[in-house]
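Working notes, structure below.
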Amino acid sequence: MLIEVILFVTTVVLLWLLSKRPPGLPPGRWGLPVIGYVPTSGKYIDDILKDFQKEFGDIYIWKFGSRIQVFIHDYHIAKQILGGPDYLDRPDMDTFKIFEEVALGISGSNGDIWHTNRRFILRHLRDLGMGKSRMVEAVQEQAEILVRALKEQAGKEAPIAEALNYVIMNIIWKMSANKHFEMTSPNHRELRQMIAESIIATDQLVISDMIPWTKTLLPDVIFRRLFSVDKFIGIVDKFHKFFQEMIDEHKESLNPDDPKDLIDAYLLEMKEKSGETGAVRSENDLRLVLFDALFAGTDTTYNTMKWILLYMAAFPAEQRMMQEELDNALPDGTLVTLEDKPRIPYTEAVINEVIRMSSLVNVGLPHSPNKDVILAGYKIPKGSLVTPVSFSIHYDPRYWDKPDAFLPERWLSPEGKFVMRKEGYLPFGVGKRSCVGEALARMELMVFTVTVFQNFSISPPKGKTIDLLPNYDSRIIHMPRNQDVVFTNRNP
Numbered sequence: 077m078l079i080e081v082i083l084f085v086t087t088v089v090l091l092w093l094l095s096k097r098p099p100g101l102p103p104g105r106w107g108l109p110v111i112g113y114v115p116t117s118g119k120y121i122d123d124i125l126k127d128f129q130k131e132f133g134d135i136y137i138w139k140f141g142s143r144i145q146v147f148i149h150d151y152h153i154a155k156q157i158l159g160g161p162d163y164l165d166r167p168d169m170d171t172f173k174i175f176e177e178v179a180l181g182i183s184g185s186n187g188d189i190w191h192t193n194r195r196f197i198l199r200h201l202r203d204l205g206m207g208k209s210r211m212v213e214a215v216q217e218q219a220e221i222l223v224r225a226l227k228e229q230a231g232k233e234a235p236i237a238e239a240l241n242y243v244i245m246n247i248i249w250k251m252s253a254n255k256h257f258e259m260t261s262p263n264h265r266e267l268r269q270m271i272a273e274s275i276i277a278t279d280q281l282v283i284s285d286m287i288p289w290t291k292t293l294l295p296d297v298i299f300r301r302l303f304s305v306d307k308f309i310g311i312v313d314k315f316h317k318f319f320q321e322m323i324d325e326h327k328e329s330l331n332p333d334d335p336k337d338l339i340d341a342y343l344l345e346m347k348e349k350s351g352e353t354g355a356v357r358s359e360n361d362l363r364l365v366l367f368d369a370l371f372a373g374t375d376t377t378y379n380t381m382k383w384i385l386l387y388m389a390a391f392p393a394e395q396r397m398m399q400e401e402l403d404n405a406l407p408d409g410t411l412v413t414l415e416d417k418p419r420i421p422y423t424e425a426v427i428n429e430v431i432r433m434s435s436l437v438n439v440g441l442p443h444s445p446n447k448d449v450i451l452a453g454y455k456i457p458k459g460s461l462v463t464p465v466s467f468s469i470h471y472d473p474r475y476w477d478k479p480d481a482f483l484p485e486r487w488l489s490p491e492g493k494f495v496m497r498k499e500g501y502l503p504f505g506v507g508k509r510s511c512v513g514e515a516l517a518r519m520e521l522m523v524f525t526v527t528v529f530q531n532f533s534i535s536p537p538k539g540k541t542i543d544l545l546p547n548y549d550s551r552i553i554h555m556p557r558n559q560d561v562v563f564t565n566r567n568p
């Protein structure tokens, strides 16, 4: 009997200790021992975080499982963590490590691996001519391919052509592997499918990362099935196989005097650095660099471009204003270049307003402090997940007049010039962890937007409206909903 009493008391004490909230933390939801706070409302993540902000303010915690999440709704606090040296790391999670011992690639890595890969990508973009005419010409070529594909669906009620994804992926794949997909290429369809499957599988894996004790306590077969681990690993293996075939091809044809793409440049640097103390180059890392480049460089630009097309279909007056500007600035279908940007301020305003309103990445990737820190007067424990809530910041009335309204003119000066808004706007992040491909993405969006609307008008099907709510199937990306539109030739 004494043993039972001791065990009972010990269990109660342990549960009390586990459930006790440490002092100094921000306000928020703490929940139960072991499982934390699990919402039961069935609401979408955006609405849950809005409710928390109303209740707790601009900085609060949500303990989910055994992880402490810190959500930031204030732009200035978000900028402080995104640019701060104590918040450079990503959390120690399988979502970022992809079941490797150490996270590789760019988006999920830390320390020397992240620093080396980031510098490598920035240098590679510069060497390819980022911001120079030859890079613009490569995008123009793909934009003209898109126009030819859209002409085939002109006048029909149909979803936005899959050719949009194809041409954007071609730009990234040309830069990465000096490859060009044909429109009907099975490789393109395979990669597209793998990217879509990886987004769904990642949603499940994130849950297991939030309650890491399940990996230890649950039988392996149950853990793997419950969180779709085998499915996720299967998708990763497909990516590895695909990228490894490309790497092997490049190893056979590599010319040290004439590197043609990212793979060539990486292999040459790997050879040059081999044997050096602390060298971080490996083919496994290269495969993850390729994955980051392909995923971040294709899906984000593709979905943002879809949002631009849908917003223009939903706002015909703004579409006509943009087309009038393009017709005056670029007569007779002149191909747009970077030098034309000052002449098309309204077009640039439209693009940035769509980026703000769609807020593609609704909640930014989490940062993790490498030590206990003080933020806005609160204690933030080492290893916490600190996350800016981008969509909330982009709709914050402290920075945006009538934030729920689509107003491209908010980006224009009284003289009609485009003015980049800095406060309350962080679609690409800020600081050292900001998107390395921002300049490329912005250039692609400009060229594709101008080229499409020089050639077409876009509208909803007769008697229908455009749905601008995001697809709620994904918790981490505001993907546009699939719906029919009608493209009309402006130059029949």
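The sequence shown begins at 77 in our numbering and counts up one residue at a time.
Cβ atoms here follow ideal geometry from the backbone N, Cα and C, with glycine treated the same way.
Computed from a predicted model, the values in this text were never measured in an experiment.
Residue i, DSSP secondary structure in three states
i, result
"F504", "coil"
"M555", "strand"
"G112", "strand"
"I271", "helix"
"W383", "helix"
"Y475", "coil"
"A179", "coil"
"D165", "strand"
"G133", "coil"
"T304", "The question names Thr, but residue 304 in the sequence shown is Ser. Coil, per DSSP."
"F494", "strand"
"R566", "coil"
"V312", "helix"
"A234", "strand"
"K119", "coil"
"N360", "helix"
"L370", "helix"
Unbroken beta strand (DSSP E) run spanning residue i, endpoints
i, result
"V449", "449-451"
"S535", "532-535"
"T541", "Element bounds for T541: n/a, residue is neither H nor E."
"P464", "461-464"
"Y454", "454-456"
"R143", "143-148"
Proximity winner among the options, relative to residue i (alpha-carbon distances)
i, options, result
"A214", "L180, G181, K255, E177", "K255"
"P161", "Y501, T525, R557, P445", "P445"
"L362", "E499, S434, A239, K327", "K327"
"Y151", "Y163, K447, D480, I135", "I135"
"D337", "R105, D122, I248", "I248"
"V523", "G507, L240, I157", "L240"
"N246", "T374, H470, T410, H554", "T374"
"D403", "E499, N567, S261, E345", "N567"
"R357", "Y548, A372, Q156, A179", "A179"
"A389", "M211, V562, K126", "V562"
"G492", "P421, D168, V526", "P421"
"I174", "D296, N263, F315", "F315"
"L222", "V243, Q320, G459", "V243"
"N331", "E321, E345, R474", "E345"
"F529", "E325, V449, M398, L414", "M398"
"F303", "L281, D203, M496, R432", "L281"
"H443", "Q129, S183, G112", "S183"
"P484", "E359, W190, R396, E131", "R396"
"K155", "I553, G440, D296", "G440"
"S550", "S252, N438, A515, D127", "N438"
"F172", "R518, K349, V312, K498", "V312"
"A341", "M251, D170, I157, R210", "M251"
"N531", "E266, P335, A230, T376", "A230"
"G409", "F319, D168, V526", "V526"
"T541", "R518, E514, T564, F391", "F391"
"S435", "H554, E394, R166", "H554"
Enclosing alpha helix (DSSP H) for residue i [first to last residue]
i, result
"W289", "289-293"
"N446", "Segment: none, N446 is in no alpha helix (DSSP H) and carries neither H nor E."
"W190", "187-204"
"Y242", "239-253"
"K25", "Within the shown structure, residues of the chain are numbered from 77 to 568, placing residue 25 beyond reach of any answer."
"N428", "421-434"
"R396", "392-405"
"K155", "151-159"
"F172", "170-173"
Three or more beta-carbon pairs under 8 angstroms between the segment 463-470 and the segment 137-155, yes or no? Contact between the segment 463-470 and the segment 137-155 is present, because at least three Cβ pairs lie under 8 angstroms.
| Quick one: any contact between the segment 270-278 and the segment 383-392, if contact means 3 or more CB pairs under 8 angstroms? | A contact is defined here as three or more CB-CB pairs under 8 angstroms, and the segment 270-278 fails this definition with respect to the segment 383-392.
| task | Taking 8 angstroms as the threshold, find out whether the segment 100-108 comes into contact with the segment 451-460 through three or more Cβ pairs. | result | Short answer: they touch.
ask   = On the three-pair Cβ rule with 8 angstroms, is the segment 495-515 touching the segment 533-544?
value = No, the segment 495-515 is not in contact with the segment 533-544.
*asked:* Counting beta carbon pairs with one atom in the segment 479-499 and one in the segment 125-141, are three or more of them shorter than 8 angstroms?
replied: Cβ pair count under 8 angstroms is below three, so no.
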